[in-house]
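Counted from 1, the sequence shown has number 725 at position 655 by the numbering used here; the numbering is strictly sequential.
See structure below.
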Amino acid sequence: MLTLKKLTTEFQNSPVGIDEPSPRFSWILQASDKNTLQSEYRIRVSNGEETVWDSGTVKDSQSVLIPYAGAPLLARTTYTLRVTVADNHGERAEAEGSFETGLLDAENIKASWITYQTEPDALPVYRKQFSLDGKVKNARLYASALGVYGVTLNGGKAGDSCLAPGWTSYPHRIHYQVYDVTELLHKENELRITVGKGWYTGPFGFTNTPNNYGDTTAAIAQLEITFEDGRAQTLVTDGSWEYGTGSVKRGEIYDGETIDHTAAYSAIGTVKLFDHTVDILTAQKNEPVRVKQRIKPRKVFTTPKGEVVLDFGQNLVGVIEAELDCPRGTEVTLHHAEVLDKDGNFYTENLRAARAVDTFICGGGKELFHPEFTFHGFRYAQVEGLGEAFDINSFTACVMFSDMEEIGSFRCSHKKVNRLWDNIRWGQRGNFLDVPTDCPQRDERLGWTGDAQVFASTAATIMNTALFFEKWLIDLKSEQTAEHGVPHIIPNIMGNVEGAAAWSDAATIIPWQLYEAYGDVRVLQTQYESMKGWVEYIRGKAGMSCLWQSGFQYGDWLALDKEEFADRTGATDVYLVATAYYALSTELVAKTARVLGLEDDAKAYEALHWDIVRAFRREYITETGRMASETQTACVLALYFHLAADKHRERILQTLKTNIQKHNGHLVTGFVGTPYLCHLLSDSGLHDVAGEIFLKEDFPSWLNCVNLGATTIWERWDSMKADGSFDESGMNSFNHYAYGAIGSWMMQTLAGLKPLQPGYKEISVQPMPIKGITHVSASLETPYGLLSCAWRCENKQMTVEVTVPANTSAQIKLPEKDETISVGSGRYSYTYATTLELAKERYSRESTLGELLENPAAKPYLENIMPGMTDNDMIKLAYPMTVTQMSANMPPGADAVFDGLIAELNRLETEL
Ligand code: BGC
């Protein structure tokens with residue numbers, strides 16, 4: 071049987087309000103037969119009775135992102151979409167969906183921007199009362215703001231987006247949102263729009279500069295109503311609106327919000343029209359930010375300093391909602407923090423100048439407070455003002471992020487690795503809030519291009535990031551200039567700075583990754599000039615030498631190997647990094663030109679790429695294959711970007727291996743080297759080394775952070791140290807996704823799922839086990855449907871189960887097998903004898919004290935040799951420390967004691 075699921079328009083299920091003149095349609099085939107391929111499709115789009123596009127029967131297997139090619143679409147119109155397909159087994163299936171266009175053209179915007187006459191001392195509320203005569207069939211509200219806004223109609227919230235209109239490059243374009251408000255309308259109506267400063271006028275950027283886009287906030291709205299009897303009525307923001315203030319007294323992204331329920335709406339006067347173009351308004355392209363999860367506090371406790379603190383158990387991003395029942399005038403204050411300091415006190419220094427304080431003033435009786443004009447990054451909240459009335463159940467953390475579809479999952483036999491995957495996922499949730507941000511808590515939260523670039527591939531396997539990044543890349547393109555290249559943050563509020571390697575290369579890398587992950591050719595078309603422009607900018611700097619050796623560079627940002635005076639850029643020559651990325655970007659432009667059929671460009675950039683590669687070799691690799699810079703990252707780039715000659719690869723790999731050994735099997739890489747290190751090792755016959763690096767539990771490593779209690783990815787390998795103290799450089803975020811880039815290796819190598827053709831039309835399934843993990847089970851909702859691989863290696867037996875989606879094919883390469891099996895769609899299961907022994911002894915010197923004590927046998931043993939070892943509060947602080955870390959701080963005999971305990975616990979395990 072064949073069925074179709076998930077018929078989407080522009081990646082969305084029945085979207086309302088799209089401004090895309092030629093939206094793309096996709097669907098997923100679900101088949102009970104194996105080896106199913108689509109043999110033909112037909113798309114029909116109609117407006118009521120009228121068919122506006124009939125593709126006719128197309129004998130093709132394409133089922134992803136087929137562009138509309140009918141008559142020009144009309145604005146504000148709901149179209150019906152019908153897709154019929156047949157497969158190679160003669161089965162047929164059909165699906166129906168719809169999409170609704172937005173305003174499409176600025177000509178259709180009849181509303182004007184409105185603002186206040188004089189700035190009120192609270193957030194301005196714009197208000198309009200109106201009556202309707204007739205039964206409403208359908209009503210749409212189109213709205214936006216210079217600032218961030220919330221709309222209510224007769225007290226009910228329009229839509230469920232948060233922090234609309236989001237953050238775009240405001241001088242170039244501003245998103246508007248479309249809300250179905252049919253159900254909110256009555257005979258007598260009141261429409262209110264509250265506008266906060268948001269990213270527009272609020273202090274923003276690490277200089278805390280206000281008014282980055284202008285000094286005045288404004289609102290715009292157009293309400294279009296159709297009555298049952300066919301009449302239509304439009305209401306727009308214009309000079310007749312009133313403004314005043316309501317309960318929101320203060321609302322800023324960094325500083326937080328004050329909601330005063332003792333203050334009712336109070337009118338001030340008539341609005342002023344604000345002279346600002348409407349031509350830049352465009353329908354929201356990406357998924358809105360929404361509250362996606364609600365979490366209750368795990369516990370409340372009092373810190374040594376006496377602070378009353380809620381612990382939500384997870385570092386997250388959003389706001390705390392409070393349901394209070396207090397006397398009128400009670401003032402409740404919430405402070406937010408990601409971590410406690412080593413003494414267990416509330417710690418906010420790493421927020422720098424961001425106050426992150428919300429205040430709720432009670433009106434009396436049961437009431438709900440929900441900040442709408444701010445967001446915070448926090449796990450803990452300090453509560454002030456409740457005294458005896460404190461009730462933990464009053465508080466709920468509302469987790470907010472861009473509402474992308476979650477597509478990837480990963481689970482394995484190693485608990486800490488599962489936690490790491492969850493941490494990566496939470497890093498994405500916390501930092502994909504309309505723009506990809508470096509961090510969500512301090513006075514930064516900027517769209518750093520470098521961070522986004524290194525994480526993009528992982529992000530694309532956790533959630534569907536197509537629209538999110540397409541939107542952001544449009545801003546990147548509009549803020550890029552021939553003179554300065556691509557800014558370091560998008561949207562750019564830092565003024566003109568010269569482009570920098572690995573950061574500005576987001577311009578080429580991210581479009582290519584979207585193409586690979588989703589088969590999205592349009593993003594390549596849209597971004598091509600930007601991609602090319604970035605390479606041309608570097609060409610201008612590098613000139614005939616083909617070496618980029620000038621200007622400011624971030625290098626291998628935050629690497630642990632440090633050059634004197636350059637502790638943030640790491641020890642790798644920053645210009646080696648720059649030239650390596652010049653080669654990569656040029657290669658991606660050449661490949662893109664091939665995809666787009668631009669043969670001349672393809673040839674020209676292939677030639678340039680080769681020139682850069684040769685220049686790189688001359689400058690950075692000696693004739694005998696010695697690297698001029700022998701850091702881990704330099705070796706990784708030379709090999710992973712295919713810059714080194716084949717004859718030199720082995721020597722450079724050896725250099726890399728030696729470097730890793732010198733660091734006791736650890737990585738010391740920063741933002742640039744980390745994403746590629748394990749990929750390179752696994753691809754180059756050193757998969758075991760990758761596995762060891764990956765499973766290291768002492769500093770520096772991913773699992774060291776897990777051992778120290780991380781619930782997100784940290785900015786630095788040593789954001790928190792073993793004794794609970796912090797890096798205090800003022801740059802220490804506990805929610806920074808960059809090092810989460812290991813997620814793509816987990817999905818592509820450990821689980822073995824990667825695309826061979828863009829969008830997973832052809833798939834490689836090649837799971838590569840490592841010692842220490844005995845089973846992995848991962849899945850990915852690809853554009854063609856569910857792909858999964860689960861392997862288990864136990865008692866010398868390997869089982870691998872694979873699901874290949876319909877309309878694709880896969881090349882399966884099983885562990886320890888030489889042959890590659892070509893399969894079509896379906897489920898496959900393989901069981902065979904293996905020589906692999908992946909199980910590790912459960913306890914080792916990398917086990918933490920907490921883990922040892924999870925085994926009841928450990929307690930008497932430790933008590934015997936170190937009385938008080940298990941019950942003392944101080945000792946609890948040492949729970950996250952590994953045996954290696956603990957014995958380093960103990961008298962010489964401690965080693966032997968711990969070894970004895972480890973051996974005893976492992977013996978007991980086998981007895982069981
Ligand atoms: C950010 C980074 C960013 C870096 C570049 C930091 O402040 O948080 O992650 O890429 O600056 O300088």
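C-beta atoms are modelled at their ideal positions from N, C-alpha and C, and glycine is treated no differently.
beta-carbon residue i near the ligand BGC non-hydrogen atom, thresh 7 Å
i, result
"Y624", "yes"
"D325", "no"
Inter-residue Cα distance where the pair is residue i and residue j
i, j, result
"L982", "N805", "The predicted model places L982 with a pLDDT of 42, which falls under 50 and marks its position as unreliable; any figure quoted below should be read in that light. Cα-Cα distance, rounded: 40 Å."
"H331", "C396", "11 Å"
"E633", "Y645", "14 Å"
"P142", "Y149", "12 Å"
"L823", "W311", "56 Å"
"W496", "V206", "42 Å"
"G167", "V86", "12 Å"
"E170", "T147", "5 Å"
"K611", "A708", "21 Å"
"T901", "A880", "18 Å"
"L537", "E357", "7 Å"
"L135", "I88", "15 Å"
"T73", "T819", "31 Å"
"E586", "A660", "15 Å"
"K227", "G220", "8 Å"
"V427", "A571", "37 Å"
"A552", "V605", "10 Å"
"E720", "G236", "49 Å"
"E907", "C863", "8 Å"
"K547", "A577", "8 Å"
"R422", "G810", "23 Å"
With 16 other Cβ atoms within 10 Å as the buried cut-off, status of residue i
i, result
"Q867", "exposed"
"H679", "buried"
"G761", "buried"
"K267", "buried"
"K541", "buried"
"Q452", "buried"
"Q724", "exposed"
"A966", "exposed"
"N777", "buried"
"F525", "buried"
"R688", "exposed"
"S231", "buried"
"L305", "buried"
"F371", "exposed"
"I244", "buried"
Integer-rounded CB distance, given that residue j should sit under 8 Å from residue i
i, j, result
"A714", "I691", "6 Å"
"I579", "L658", "7 Å"
"W573", "G520", "4 Å"
"R112", "S125", "6 Å"
"I972", "Y913", "5 Å"
"L781", "R449", "Inspection of the sequence shows that residue 781 is occupied by Thr rather than by Leu. That belief holds up - the Cβ atoms of T781 and R449 are roughly 7 Å apart, short of 8 Å."
"D157", "Q108", "6 Å"
"V389", "P441", "4 Å"
"M470", "F445", "6 Å"
### Task
With the ligand BGC as the reference, list in chain order each residue whose Cβ lies under 5 Å from any of its heavy atoms.
Residues flagged by the Cβ proximity filter: D508, W518, G520, D521.
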